[in-house]
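A.B. asks: Residue numbers (full-length UniProt numbering), protein chains in the order written: chain A, 1 to 160; chain B, 1 to 160; chain C, 1 to 160.
For each residue, glycine too, the CB sits at the ideal point set by N, CA and C.
Just so we're clear, the structure is a prediction, and the values are computed from it rather than from any experiment.
There's a structure below that I have some questions on.
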C-alpha cells in the first residue's frame, strides 16, 4: 500500500445506484485501513435526509419546493438510468435483498461504524434550503476548503 | 499540504449544477495555491460558448444540428436533475442570487483571474463541429495527452 | 512524469459518450506508458456485452428484465444527453466515422492491444444477473478490493 492513507469521495448525485457505488467504495477503502471522507453536495444531500421529518421550519416558497422535490433518504432514491418511475429502483433493491447483498441503509450504517467521515456541503444546504434538523445524526458540516484539504492528502479522490 | 501543487478537473457535463460544482472546486483549489487545469470535453464545451455568436461558419448539416441543440453559455444550461424544462435551473439561479452566492458567470471570471487554465478538448470540438470563434476568449486548445501530462503531476484529479 | 506508473478508471455509466471518453483517456494513458485498469460496474457492464449472444441461461424473471433492458455492446449505447431515442448516438457515430475518429469498438480493440486491464465488478454482475458467457473475451472478474488496491498505487483515478 502507498504511504498515503486517505481517500475522499464527492457524492454529488442523489441516485440510488451511484449512492450504492459510493458507499461500497468508501467502506471497502475503510476496510483497507484508509481514513475516508465522503463530501455530500447538491443532490447527494438527499441520501442524508430523515425519512419521517415533516417540519419545514422557516423556509421560503422556493426552498419548500426543493424540499418537496428532493427524495427523503436512501429508500426514496431512484436509479440514474432505467428508473421507470421507481420500478427500476424497486427491482434493484428487491434483487439485492434476495441475494443478500448489503442495502444502501446497511452500507451507510457500516460506513459510520468504520468511522467514515460524512461531511455535508454547507453551501449546497443553503442553496437547497435544507436545515440540519432534516438530516440524520453523525454528520459534519463544512465547505469546499475542508474537502480540498482532505483530498490534498489523499491518493484516491473520486467525484460520483 | 502535500508537495504536489496541481489539480485537474475534466468537465464532461454541460449541466448548470455540475458546472457550478466544478468551478467552486477549481477556484477553491486555486485559492489554496494549487495550479488548476480544467479540461472541457463533450457537453462541457457548452459552458464556454458565447451567448450572442450567431455565425455558423462552414458547417455540415449535422454540425449545425449539434450547434442548435447545445446550450450557448452558462446562462442557458439546465440542471442534471429536476430541470423541468428550465424551471429548476431558474430556481437555483434565483436562490443563489438572493443569497449572494456567486453565479456561474462570476465563478468563471474568478477562475480566470486566479489563472485557472481552461483547456478545450480539440477532438470534442471536431466531433460537435464547434469552432474557436464560437467560444469565449482566454482558452487553450489541446488533446488528451495534454490533460494526462497535467493529471500525472496532480494529486486531485476529478471527472465531473 | 511522476514515478507513479498506474491509472484507473471506474466505468459506471453505460453511455456512448462517457464510454468514448473513458477509452480515450485509458488508451492515452497507456500510450504514455501507464499501466491502466478499467473497472466496469453497474451500467458500464453494457459496453462489454456480446451483440449476438441470445441464450439467457438460468435467470430469474427480474434478471431477464435487466438483460432485456441493458444495451448489448458498444453499438447499442445511447448518449447521456440529447440521445433523442438513438438519433443523437447515430449522429455522433456518423460524424466520428466521417472525420476518421476512432469508433468505440476500435478504441476498445486498441485498449486490449495496449494491455489495458478490463476488470468487471462481480457484485454488479450478480445484481444485474449478467453471466460471463454474455460478455466479450479477455476480461478479468473481481470485486472492489481489487479496484482499491490498483487505485491506491495509481495517481490518476477517475469515476466516469
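Strictly under 8 Å for the Cβ-Cβ distance: is residue 29(C) near chain B by that measure?
C.D. replies: So yes, residue 29(C) belongs to the interface.
A.B. asks: Based on the DSSP output, what are the partners of residue 35(A) in its beta bridges?
C.D. replies: Answer by DSSP bridge pairing, in chain order: 6(A).
A.B. asks: Quick one: which residues of the stretch 39-61 of chain A get their C-beta closer than 7 Å to a C-beta of chain B? List them in chain order.
C.D. replies: For the stretch 39-61 of chain A, which is checked against every Cβ of chain B, the residues closer than 7 Å are 41, 42, 43.
A.B. asks: The beta strand (DSSP E) that contains residue 135(B), what's its start and end?
C.D. replies: First-last for residue 135(B): undefined, no H or E at that position.
A.B. asks: Determine the direct distance from the alpha carbon of residue 144(A) to that of residue 89(B), and round the result to whole angstroms.
C.D. replies: Distance between the alpha carbons of residue 89(B) and residue 144(A): 22 Å.
A.B. asks: How many Å lie between residue 141(B) and residue 120(B) at the Cα?
C.D. replies: Taking the straight line joining both Cα atoms gives about 5 Å.
A.B. asks: Just mark residue 94(B) as buried or exposed, buried being the case when its beta carbon has 16 or more other beta carbons within 10 Å.
C.D. replies: Per the 10 Å Cβ criterion, exposed.
A.B. asks: One question on the structure: do residue 16(C) and residue 92(C) come within less than 8 Å of each other, judged by their Cβ atoms?
C.D. replies: A contact, by the Cβ cut-off of 8 Å.
A.B. asks: Kindly list, in the order they appear in chain A, the residues whose Cβ is closer than 7 Å to that of residue 92(B).
C.D. replies: What residue 92(B) touches in chain A: 127.
A.B. asks: For residue 24(C) and residue 107(C), which I take to be in contact (beta-carbon distance under 8 Å), what is that distance rounded to the nearest angstrom?
C.D. replies: Correct: roughly 7 Å between the Cβ atoms.
A.B. asks: Select from 30(C), 61(C), 153(C), 79(C) the residue whose C-alpha is nearest the C-alpha of residue 163(C).
C.D. replies: Beyond the ends of chain C as shown, which are 1 and 160, falls residue 163(C); an answer cannot be given.
A.B. asks: What distance in whole Å lies between the Cβ atoms of residue 67(B) and residue 43(B), which are believed to be in contact at a cut-off of 8 Å?
C.D. replies: Not quite, the Cβ-Cβ distance comes to about 13 Å (not below 8 Å), so this is no contact.
A.B. asks: For chain B, check one thing: does any of its Cβ atoms lie closer than 8 Å to the Cβ of residue 96(C)?
C.D. replies: Yes, because at least one Cβ of chain B sits closer than 8 Å to the Cβ of residue 96(C).
A.B. asks: Would you list the residues sitting across from residue 140(A) in a DSSP beta bridge?
C.D. replies: According to DSSP, residue 140(A) bridges with 119(A).
A.B. asks: Helix, strand or coil for residue 87(C), going by three-state DSSP, please let me know.
C.D. replies: Reduced to three states, the DSSP call for residue 87(C) is helix.
A.B. asks: So, does the CB of residue 158(A) fall closer than 8 Å to a CB anywhere in chain C?
C.D. replies: So, interface residue.
A.B. asks: Closer than 7 Å by beta-carbon distance: list the chain A residues that pair up with residue 25(B), in chain order.
C.D. replies: The contacting residues are 144.
A.B. asks: Comparing alpha-carbon positions, which option in 11(C), 12(C), 28(C), 22(C) lies nearest residue 152(B)?
C.D. replies: It is 28(C).
A.B. asks: Whole angstroms is fine: what's the gap from residue 46(C)'s alpha carbon to residue 158(B)'s?
C.D. replies: One C-alpha to the other measures close to 23 Å.
A.B. asks: Would residue 108(C) pass as an interface residue toward chain B - the criterion being a Cβ-Cβ separation below 8 Å?
C.D. replies: By this cut-off, residue 108(C) is not an interface position.
A.B. asks: Could you run through the stretch 69-86 of chain B and flag, in chain order, every residue whose CB is less than 9 Å away from some CB of chain C?
C.D. replies: Those residues of the stretch 69-86 of chain B that come within reach of chain C (Cβ to Cβ, closer than 9 Å) are 69, 70.
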